[in-house]
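These notes concern the structure reproduced below.
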Amino acid sequence: MKRSMIILLAAVFMLASCKDLIKPEIENNRELNPDAYLPNDARFPFGILLNAYNRIPTNSWSFNDVATDDAVTNDQSNGYLKIATGQWTANNNPLSQWTNSYAAIQYLNITLGEIDKVQWTTDERVSKLFAMRIKGETYGLRALFLYYLLQAHAGMSNSTLLGVPIVLDVQGTNANFNNPRATFEECMKQIYSDLDKAEEMLPLDYENIASAAVIPTKFGSITKVEYDRAFGSAFRGLFTGRIAKAIRSKAALLAASPAFASGTSTTWADAANYAAAVINLKGGVSALAANGTTWYSNASEISGLADGANPGEILWRGNYGDNRDLEQSNYPPSLFGSGRINPTQNLVDAFPMANGYPIADAASGYDAANPYNNRDPRLKQYILVNGGTAGPNSTAINTAADGTTNDALGKVETSTRTGYYLRKLLRQDVNLNPTSANNQRHYKPHIRYTEIYLNYAEAANEAWGPTGAGANSFSAYDIIKAIRKRAGVGLSNGDPYLEAAKSSKEQMRILIKNERRLELCFEGYRFWDLRRWKENLTDAARGVSIKNGQPTGIKVEDRQFQPYMIYGPIPYGEILKFGELQQNQGW
């Protein structure tokens, strides 16, 4: 009982600290009296459910880009730096989701067992709606955590693609924990099953409705007041039917990818159709948010966030907070930052010219002596290059090796190692100067719509080619054209590189993967993308040394991954404890 009280008090604290999302029903609030908390109290299962919400991996930034060819760090204790340089083992895995996700699933299974025991409100009909909603949230979150387990731990063992053990019941002290891994396909079916249940029980979004006439029939004959109490805008930020559709898209894309396709019946067409379902609800290709490339710095939009509402680019997000943590870690030293995440020359080279051509293309007009001129506008939005400006006073930053400030290449421990600093995700109106420091509002997306658009482009191209659409009204080409146009690429010349790519699935594949790399950089995607694509993991991280105004490429850090590392390990301690568990090959 004491353990339950601790969990519940933590959940109550979480509710109290939420500035713009979850608001409990007034009649469910009671004084903080520990003796009042009973297992049949509505706060008991809801508090446990909130523990699962608190474990969602995307609640915070991981910056696992440091383990790829996109970034390095000047923090020598960084776990991703260590695994990238040869220290990734089954008992040293900062990417593990085993403990976190199974703990969340345990809490979710407890919640499912308690829901029907609880009187959620004194109104019996509304109480049933509450129970229905919370069951839907629970099933949806369980699917989400199983997806994260597959992403981190699925892999080949004895020539079979295995997933993880599927746990659908509460594991008590006498439970049998020595369970074999399910196949990858069995895990995918469980994800789809839980998402189906979530959609059956949840509204598409939590909004107050205009009238009872628009209430979906699945909720029965209820009034507008009853609907709003259970599914209204007070619950924005919790799991919804729309989120379930987006998770289905993410899981299907993982399953259809080269690293996993041999172990599942999910096809590229399935993945495309699941993404299309979300895009159609958004309003199609034309509904791509015009300011989506700078969602993290759209100051007026961010300042207006309230009551869980989402900007146009965001499908699901966490709470906002007023702070300067990201800037403290990543501003260059002259702006009082620690310069932690350093983008690589590899990533800089991936940005095309403004005319749409890759810099290696003879038609691009790229000038190696002036490498940042006439480039894709996203380059200087996302990466602080030599001579670029940053901070509230638009301070020019000199990263050259012969620079005189601590921003110069390798000057001090907090200086860049690549010749670049991070700019994406940072609010340039944050001041870190101790005499005039300020905070600004930030939030962390769980899912951006651009990710779903890119999911569709990748899957549709593989299923039907660049201009094929299956039963949908738009193609991979249409999506990529809209994304590049929004970014400001190819506006002056009609983007001939894209137009040429639409005649070749292979060329369009290269372009789609590159657009995904650019649009989602530093958001925790590339580590997983390279692995599901079965692409080269060992490209060395490169940088630039500028002396006397002349840039010279340098190698910064080798990447030491073995081929079997496209799949992550089962934790070594679990293998030692449970004989039924099989390790992935190579680990």
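Just so you know, we're using this note's numbering here: the sequence shown kicks off at 571 and counts up by one.
All C-beta atoms in this analysis are idealised placements derived from N, C-alpha and C, irrespective of residue type, glycine included.
Following the continuous beta strand (DSSP E) through I653, name the residue where it begins and the one where it ends.
-> Taken as a continuous stretch (DSSP letters only), I653 belongs to no beta strand (DSSP E), as it is neither H nor E.
Does the Cβ of Q657 have 16 or more other Cβ atoms within 10 Å, making it buried, or fewer, making it exposed?
-> exposed
Continuous beta strand (DSSP E) assignments of at least 3 residues falling wholly in the stretch 725-799 | 725-727 and 730-732
For Y890, which three-state DSSP category applies?
-> Three-state result, Y890: strand.
Report yes or no: do three or more beta-carbon pairs, one from the stretch 966-979 and one from the stretch 1125-1133, lie closer than 8 Å?
-> The stretch 966-979 makes no contact with the stretch 1125-1133, as fewer than three CB pairs between them are under 8 Å.
A752 to I736 span [Cα, whole Å] | 6 Å
How many Å lie between N1001 and A673 at the Cα?
-> 39 Å
Is the beta carbon of I1136 sitting closer than 8 Å to the one on R1087?
-> no
Are the beta-carbon atoms belonging to A1046 and P1036 less than 8 Å from one another?
-> Contact: yes.
Which residue or residues does DSSP assign as beta-bridge partners of S1115?
-> As a beta-bridge residue in DSSP terms, S1115 pairs with T1122.
Can you tell me which of the three DSSP states E1127 falls into?
-> strand
Test item: CB-CB of I953 and P902 under 8 Å = I953 places its beta carbon 8 Å or farther from that of P902.
Nearest-angstrom Cα separation, counted from D686 out to C1091 | 43 Å
Given E769, which residues of its chain have a CB within under 6 Å of its CB, disregarding the five upstream and five downstream residues?
-> G811 and A814
Pick helix, strand or coil for K1072, following the three-state DSSP scheme.
-> K1072 carries a coil assignment under DSSP once its states are collapsed to helix, strand and coil.
Tell me, which residues are paired with Y672 by DSSP?
-> Per DSSP, none; premise fails for Y672.
Reducing DSSP to helix, strand and coil, say where V1000 ends up.
-> coil
Distance, A654 Cα to A724 Cα | 20 Å
Roughly how far, in whole angstroms, is the beta-carbon of T1122 from the beta-carbon of S1115, given that I think they are within contact range, below 8 Å?
-> In this structure T1122 touches S1115 by the C-beta definition: roughly 5 Å separates them, less than 8 Å.
Could you check if S995 is buried or exposed, using at least 16 other CB atoms within 10 Å of its CB as the buried criterion?
-> Looking at the sequence itself, residue 995 is Leu, so the reference to Ser does not match. With 16 or more Cβ atoms within 10 Å of its Cβ, L995 is classed as buried.
How would you label N598, buried or exposed, when you count the other beta carbons within 10 angstroms and need 16 or more for buried?
-> For N598, the pLDDT reaches just 39, beneath the cut-off of 50, and the residue's location in the model is therefore unreliable, leaving the point undetermined.
If you draw a straight line from the C-alpha of Y1026 to the C-alpha of E1089, how long is it?
-> 14 Å
Contact belief for N748 with F1097 at Cβ below 8 Å, rounded distance in angstroms = The pair is not a contact, with the Cβ atoms about 31 Å apart (cut-off 8 Å).
Start and end residues, alpha helix (DSSP H) containing P615 | DSSP places P615 inside the alpha helix (DSSP H), whose first and last residues are R613 to N624.
Leaving out five residues before and five after K1072 in sequence, what residues of the same chain have Cβ atoms less than 6 Å from its Cβ?
-> P1036, T1037 and Y1047
Identity of the residue in N629, L651, S630 and P627 nearest A637 by Cα | L651
Beta strand (DSSP E) containing I1050: first to last residue?
-> No beta strand (DSSP E) holds I1050; the alpha helix (DSSP H) holding it covers A1046 to A1057.
Option in P664, Q676, A701 and D640 with minimal Cα separation from I618 | Q676
Between which two residues does the alpha helix (DSSP H) containing A821 stretch?
-> G811 to A826
Can you name the residues that DSSP bridges to P1133?
-> None; P1133 has no bridge partner.
Helix or strand or just coil, what does DSSP make of V955?
-> coil
Helix, strand or coil for K1083 per DSSP?
-> helix
Among I1082, R987, K1104 and G742, nearest to Y1023 - alpha-carbon criterion = I1082
Between M771 and A831, what straight-line distance do the alpha-carbon atoms span, to the nearest angstrom?
-> 30 Å
Roughly how many whole angstroms lie between the Cα atoms of D1099 and A879?
-> 29 Å
Reference E883, options E1085, K1014, K950 and N661, closest by Cα | The residue with the shortest Cα to Cα distance from E883 is K1014.
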